[in-house]
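A.B. asks: When you number the sequence shown by the working numbering, it's gap-free, plus one each residue, and the end is 138.
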Amino acid sequence: MTRPRPLELASLLALVALAALPGCGEAEAQEPVEVGLADLPCASDPADGDLWETAPFPPATDGETCAWLAYESDTTYRIAHPLGRVPRAVHAYVSFHADGRSSTPLSGDVTRIVSVTDTAVEIRNGQGADFFLRLVVE
1 MTRPRPLELA SLLALVALAA LPGCGEAEAQ EPVEVGLADL PCASDPADGD
51 LWETAPFPPA TDGETCAWLA YESDTTYRIA HPLGRVPRAV HAYVSFHADG
101 RSSTPLSGDV TRIVSVTDTA VEIRNGQGAD FFLRLVVE
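(1) Any idea if residue 107 is buried or exposed, counting beta-carbon neighbours within 10 angstroms, 16 or more meaning buried?
(2) What residue range is occupied by the uninterrupted beta strand (DSSP E) comprising residue 73?
(3) Using a Cβ-Cβ cut-off of 6 Å (strictly less than) and excluding sequence neighbours within five positions of residue 25, which residues of its own chain qualify?
(4) Is DSSP giving residue 135 helix, strand or coil here?
(5) Can you give me the C-alpha to C-alpha distance between residue 116 and residue 47, rounded to a whole angstrom?
(6) Within the continuous beta strand (DSSP E) that includes residue 91, where are the two ends?
(7) Could you give the residue range of the beta strand (DSSP E) that holds residue 85?
(8) Going by the beta-carbon positions, is the gap between residue 131 and residue 96 smaller than 8 Å?
(9) Of all the beta strand (DSSP E) runs that stay within the bounds of the region 26 to 51, which reach a length of 3 or more residues?
In structure tokens, the structure reads:
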């Protein structure tokens with residue numbers, strides 16, 4: 001049995017790496033899931049001030065249960081907001097529970113902010129785990 005030569009081994013590794021690249025690029029190029037204001041029944045009233053949230057922290061102030069937005073792994077979301085201007089800040093929280101119990105603020109690949117406009121925030125869950133999301137813009 002002959003041993004592979006260094007050049008053959010390097011060529012094989014380069015070919016394997018190139019074959020893996022299209023999968024990564026396709027995940028980034030996917031169409032975002034559109035989330036309109038009508039899809040967020042527990043969102044705050046934009047007339048309440050300079051801050052808007054997709055859902056409150058639990059428990060909801062009116063006693064009703066408000067579900068946070070399902071935030072699936074490796075998915076990009078374009079979430080509409082009613083501020084009418086580009087937000088100064090975007091804050092994201094996730095929970096393993098739909099009602100937002102035991103939530104945590106996010107950073108890193110779980111909440112990659114792709115773009116922010118005067119009408120929407122585009123955010124990507126780059127992790128392999130599903131969560132529930134609360135987004136706050138101000």
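C-beta atoms are modelled at their ideal positions from N, C-alpha and C, and glycine is treated no differently. As the structure is a prediction and not an experimental result, all values here were calculated from the model.
C.D. replies: In this structure, then:
(1) Looking at its Cβ environment, which holds fewer than 16 other Cβ atoms inside 10 Å, residue 107 is exposed.
(2) That residue, residue 73, is in no beta strand (DSSP E); it is neither H nor E in DSSP.
(3) Unreliable placement is indicated for residue 25, whose pLDDT of 46 sits below 50; no coordinate value is reported for it.
(4) The answer is strand: DSSP assigns residue 135 an E or B state.
(5) 21 Å
(6) 90 to 95
(7) Careful: residue 85 lies outside any beta strand (DSSP E) and carries neither H nor E.
(8) Yes.
(9) 33 to 35
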